[in-house]
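By the count of this note's numbering, the sequence shown reaches residue 594 at its end, each step adding exactly one.
Below is one structure, written out as C-alpha cells; comments come after it.
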Amino acid sequence: MAVALSAGPALLTTAEDEFQQIIRWYEEQLEDAFPPPDLEYEPIKIGPIWQWDNGWSLPEHTLGWRVLAWCGHWLRDKKGRPWQMTAEQTRFILWFFAVDEGGDFLYHSVVLQRLKGWGKDPIAACLTMAAMLAPVTFDHWDANGNPVGREEESAWVQIIAVSQKQTRNTMKLFPGMVPAVTRRYYGIQIGKTDIWALGDTRQAEAVTSNPDSIEGGRPTLVIRSETQNWTHSNSGFEMAGALEGNAAKAEIESPARMLDICNAHRQSEESVGRTMREAYETTAADEEIAAADVGIMYDSLEAPEGAPLTADAAPDVLKAVAGDSYWLDTRPTGRIVKSIINLFNSPSESRRKWYNSSSEAEDAWMKLAHWKAIGNKHVRPVPGARVVLFLDGSKSDDATALIGCEIETGNVFYVGIWQRPPKRDPKDPWIVNRELVDHRVRWACKHWEVLGLWVDPSDARDDVTGERFWETYADDWADIQDWELWAVPRGDNKHPTIWDMRSPRHAAAHTAHAERFVTDVKERRFYHDAHKMLEQHVRNARLRPGKYGVGLGKERRGSPRKVDGAVAAVGARLMRKTWFVLHPEPSGEAMFV
Numbered sequence: 002m003a004v005a006l007s008a009g010p011a012l013l014t015t016a017e018d019e020f021q022q023i024i025r026w027y028e029e030q031l032e033d034a035f036p037p038p039d040l041e042y043e044p045i046k047i048g049p050i051w052q053w054d055n056g057w058s059l060p061e062h063t064l065g066w067r068v069l070a071w072c073g074h075w076l077r078d079k080k081g082r083p084w085q086m087t088a089e090q091t092r093f094i095l096w097f098f099a100v101d102e103g104g105d106f107l108y109h110s111v112v113l114q115r116l117k118g119w120g121k122d123p124i125a126a127c128l129t130m131a132a133m134l135a136p137v138t139f140d141h142w143d144a145n146g147n148p149v150g151r152e153e154e155s156a157w158v159q160i161i162a163v164s165q166k167q168t169r170n171t172m173k174l175f176p177g178m179v180p181a182v183t184r185r186y187y188g189i190q191i192g193k194t195d196i197w198a199l200g201d202t203r204q205a206e207a208v209t210s211n212p213d214s215i216e217g218g219r220p221t222l223v224i225r226s227e228t229q230n231w232t233h234s235n236s237g238f239e240m241a242g243a244l245e246g247n248a249a250k251a252e253i254e255s256p257a258r259m260l261d262i263c264n265a266h267r268q269s270e271e272s273v274g275r276t277m278r279e280a281y282e283t284t285a286a287d288e289e290i291a292a293a294d295v296g297i298m299y300d301s302l303e304a305p306e307g308a309p310l311t312a313d314a315a316p317d318v319l320k321a322v323a324g325d326s327y328w329l330d331t332r333p334t335g336r337i338v339k340s341i342i343n344l345f346n347s348p349s350e351s352r353r354k355w356y357n358s359s360s361e362a363e364d365a366w367m368k369l370a371h372w373k374a375i376g377n378k379h380v381r382p383v384p385g386a387r388v389v390l391f392l393d394g395s396k397s398d399d400a401t402a403l404i405g406c407e408i409e410t411g412n413v414f415y416v417g418i419w420q421r422p423p424k425r426d427p428k429d430p431w432i433v434n435r436e437l438v439d440h441r442v443r444w445a446c447k448h449w450e451v452l453g454l455w456v457d458p459s460d461a462r463d464d465v466t467g468e469r470f471w472e473t474y475a476d477d478w479a480d481i482q483d484w485e486l487w488a489v490p491r492g493d494n495k496h497p498t499i500w501d502m503r504s505p506r507h508a509a510a511h512t513a514h515a516e517r518f519v520t521d522v523k524e525r526r527f528y529h530d531a532h533k534m535l536e537q538h539v540r541n542a543r544l545r546p547g548k549y550g551v552g553l554g555k556e557r558r559g560s561p562r563k564v565d566g567a568v569a570a571v572g573a574r575l576m577r578k579t580w581f582v583l584h585p586e587p588s589g590e591a592m593f594v
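See the structure below:
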C-alpha cells in the first residue's frame with residue numbers, strides 16, 4: 002500500500018520543507034494518474050472520487066493536503082517506509098477534508114464503500130491518527146486564500162463495530178504504523194483497545210455493541226466499521242441512532258464527523274449499511290432535498306448490472322472495481338477469481354464482496370437492469386402532448402406518487418413523489434403536504450393535454466374532518482376540466498378522478514397489468530425518463546402473490562422502502578391501455594388492447 006517517498010536531490014532541513022515536498026509529490030501524482038483505459042466493464046461510479054473531465058474532480062478548498070503531508074511525515078507502512086496514499090486514496094482524503102467558503106466541512110457524514118481488500122481499514126487507521134494529532138479543523142485562511150487547519154485539542158476518535166474482531170482489523174495496524182519517533186514526539190501510548198497521546202488529552206478507542214455506553218459522548222470523529230453487518234439483532238441500529246445524536250450536538254468549534262467503511266450490503270437483510278445507501282439515493286433523487294446541502298458524501302465503485310460471475314469475465318470486472326488497489330490478486334488464476342467460481346460461495350455473496358454490488362432480492366418485482374435499459378431522460382413529453390396521470394395517494398406512512406404516461410409513445414415519466422425525508426426522526430410526525438400535490442396536478446394539466454387523472458385515495462382519514470384524506474381534493478380535481486378518460490364512467494359510484502384500488506375490479510386490473518408491465522419493460526416496449534426516485538421505488542418493489550395474481554408491494558408492512566411510484570407507473574400504463582380500448586386508433590396499438 003505504501004512505498005518510500007523520493008526525497009530527490011535537495012536536502013530537507015525542516016519538517017515544513019518535507020511537508021511541502023510531500024504535497025508537491027501528491028500534486029504530481031494526481032497529474033500523472035488517469036482513469037484506466039479500455040475497460041471491458043465500465044464501473045458504476047458513485048461520488049466524486051472517480052469523476053474525470055479532462056482532469057480529476059477535486060475540491061476547491063480542502064485541509065486534505067496538509068493531512069496527506071502529516072501522514073507521510075509521521076506514519077510508516079508495514080515495511081517501515083514513509084506512508085504513501087494511492088492516487089485514489091489521495092482524492093478521497095482531499096474530498097473528506099473539503100471545506101466551503103466559510104471553513105465548514107462540506108460533508109459531516111461520509112460513506113466509503115469498496116470491495117474487500119481495497120484498504121478501508123488502513124485509511125481508517127490513518128484518519129484516526131490524523132484526527133488525534135494533525136491539523137484537521139479549520140482555523141483561518143492564508144494570504145493566498147487557502148484554508149489553514151489546526152489540531153483538535155479535545156480529539157476523541159471512536160472506532161466502532163458490532164464485534165471485537167471487526168475493530169481489531171483496524172486496531173492491529175497501529176503498532177506498525179506509528180514509529181518510535183512519532184510515539185516519543187507526541188507521547189503516544191498504544192493499547193489493544195485504546196490509544197492515548199499528549200498527556201492523555203487525545204484519545205482513540207475501539208468500541209463494540211453497547212448503545213448505552215455510547216450514548217452521551219462527544220467524539221470528534223466516529224469511524225463505523227462494516228456497517229453492512231449492523232442489524233437490529235446485534236444492536237446496530239441502536240448504536241447508529243446513539244452516534245447520530247452524539248455527533249449532532251457537537252460544538253461549532255469542534256465539529257463531529259462520521260465515516261462509514263463498508264462493503265456492499267445484502268438486499269435480503271435490514272442493516273445500517275443498506276439504510277445509509279437508500280437514504281443517500283433518496284436524497285440524491287429528491288429535487289427539493291438535493292438542492293439543500295445535507296452534508297453526506299457517498300463514494301462507491303461498483304460492477305455494472307449483470308456483470309458475469311465467470312472465470313473469463315471476473316478478471317476484467319475486478320479490474321474495473323478494484324480502483325488503485327494494485328495489491329489485490331485479480332489475475333485469472335488468482336485467489337479472488339478462484340473464490341468467485343467456487344460453488345461453495347453463493348453468487349450473491351461473491352458479487353457483494355468482490356464486485357462491490359448488492360444482488361437483487363430473490364422476490365424483486367423486476368430486474369433493475371431491465372428497468373435501466375429503457376431509461377432515457379430525453380423522453381419526457383413536450384408541452385401540449387396528450388398524457389394520462391395516475392396518483393397513488395397516501396397520508397404519512399407511504400409515499401404519494403404522481404406518474405404520467407404519454408398516449409402516443411407509451412413512455413412513463415415522473416411528475417412528483419412526496420415521502421418522509423430520509424433522515425427525519427421516525428418519532429417526528431410527518432404528513433404529506435396536499436397543497437404541493439394539488440399545485441403539481443394543476444401545473445401538469447396546464448403543461449400537457451391531460452386526458453385523464455385517476456386517483457387511488459387510500460383509506461387514510463383527515464385528522465380534523467374525518468373524511469378520506471384525498472377525497473375532497475379528488476372532487477376538486479374532477480372540476481378542473483372536462484375529463485375524457487373517466488376513472489369510473491358508469492354506475493352509482495361513477496367519478497371522473499377517483500379510482501379506488503380497494504374495488505375488486507380495480508385490484509384485479511392493476512394486478513394483471515403489473516405482470517404485463519414487467520413483460521413490457523423486459524421487451525423494451527416503452528421508455529421512461531430515468532428519474533432516480535422512480536427508479537428507487539421500482540427497485541424496492543417485491544412480488545406479491547394475491548387473490549388476483551402476482552402483483553407488487555413493499556417487502557413488508559411498515560417498511561420505509563416505498564413502492565408507490567411503481568404502483569402509479571403501472572396505473573398510468575393501465576390508463577393508456579384503457580384509452581385505446583375506448584378509442585381505437587390505426588397506429589399499431591394492438592399490443593395494448
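Idealized CB from N, CA, C, for every residue including glycine.
Please read these numbers as outputs of a predicted model, since none were measured by experiment.
Take residue i and list the residues in its own chain whose beta-carbon comes closer than 6 Å to its own, dropping the five residues that flank it on each side.
i: Tyr42; result: Pro305, Ala308, Asp317, Val318, Ala321
i: Trp197; result: Gln190, Gln204
i: Ala292; result: Only weak support is given to the placement of Ala292: the predicted model assigns it a pLDDT of 39, under 50, and the value that follows is read from those uncertain coordinates. Correct list: empty, nothing qualifies.
i: Lys495; result: Val489
i: Phe93; result: Ile50
i: Thr183; result: Trp75
Give the single residue among the options whose Cα lies nearest to the Cα of residue i.
i: Thr221; options: Gln159, Trp51, Thr209, Ala181; result: Gln159
i: Asn230; options: Arg203, Gly242, Ala207, Asn264; result: Asn264
i: Ile47; options: Tyr281, Lys80, Gly177, Gln30; result: Tyr281
i: Glu28; options: Arg67, Pro44, Arg577, Glu516; result: Arg67
i: Gly237; options: Thr209, Val389, Leu452, Glu436; result: Thr209
i: Val1; options: Asp325, Trp355, Ser326, Gly324; result: No statement about residue 1 is possible, as the shown extent of the chain runs from 2 to 594 and does not include it.
i: Thr520; options: Val551, Ile262, Ile499; result: Val551
i: Gly118; options: Thr194, Thr138, Thr171, Trp84; result: Thr171
Specify the secondary structure class of residue i as computed by DSSP and reduced to three states.
i: Lys46; result: strand
i: Phe527; result: coil
i: Ser7; result: Because Ser7 carries a pLDDT of 43, less than 50, the predicted location of this residue cannot be relied on, and no value is offered for it.
i: Glu206; result: strand
i: Ile224; result: strand
i: Met259; result: strand
i: Asp195; result: strand
i: Ala291; result: Bear in mind that a pLDDT of 48 at Ala291, under 50, signals an unreliable position, so the number given afterwards is only what the model happens to contain. Ala291: helix per DSSP, three-state reduction.
i: Glu89; result: helix
i: Ser351; result: helix
i: Ala402; result: strand
i: Met534; result: helix
i: Met298; result: strand
Around the C-beta of residue i, are 16 or more other C-beta atoms found within 10 angstroms, so that it is buried, or is it exposed?
i: Leu583; result: exposed
i: Trp53; result: exposed
i: Gly146; result: exposed
i: Glu468; result: exposed
i: Trp444; result: exposed
i: Val451; result: buried
i: Ile432; result: exposed
i: Ala181; result: exposed
i: Val383; result: exposed
i: Trp71; result: buried
i: Val465; result: exposed
i: Ala8; result: The predicted position of Ala8 is uncertain, since its pLDDT is 42 and thus under 50; no value can be drawn from it.
Going by beta-carbon coordinates alone, are residue i and residue j separated by less than 8 Å?
i: Ser110; j: Met240; result: no
i: Gly554; j: Val564; result: yes
i: Leu116; j: Asn357; result: yes
i: Asp300; j: Leu31; result: no
i: Asp501; j: Phe414; result: no
i: Glu441; j: Gly405; result: Note that residue 441 is Arg in the sequence shown here, rather than Glu. No; because the gap between Cβ atoms is not below 8 Å, this pair is not in contact.
i: Met86; j: Leu64; result: no
i: Glu271; j: Thr232; result: yes
i: Trp57; j: Met298; result: no
Who are the Cβ neighbours of residue i in its own chain at under 7 Å, not counting the five residues just before and after it?
i: Val179; result: Leu76, Met130, Ile189, Ile191
i: Leu310; result: Ile341, Pro348, Ser351, Arg352
i: Val522; result: Met367, His371, Trp372, Ile375
i: Pro176; result: Ile191
i: His507; result: Trp500, Asp501
Can you list, in chain order, the residues of its chain with a C-beta nearer than 8 Å to that of residue i? Leave out the 5 residues immediately preceding and following it.
i: Asn434; result: Trp419
i: Val223; result: Val158, Gln159, Ile161, Leu244, Asn247, Ala248, Ala257, Arg258, Met259, Leu260
i: Trp142; result: Gly104, Pro148, Val149
i: Leu575; result: Phe391, Ala510, His511, His514
Mind checking whether the beta-carbon of residue i lies closer than 7 Å to any heavy atom of the ligand GDP?
i: Ala156; result: With respect to the ligand GDP, the structure shown offers nothing to examine, as it has no ligands at all.
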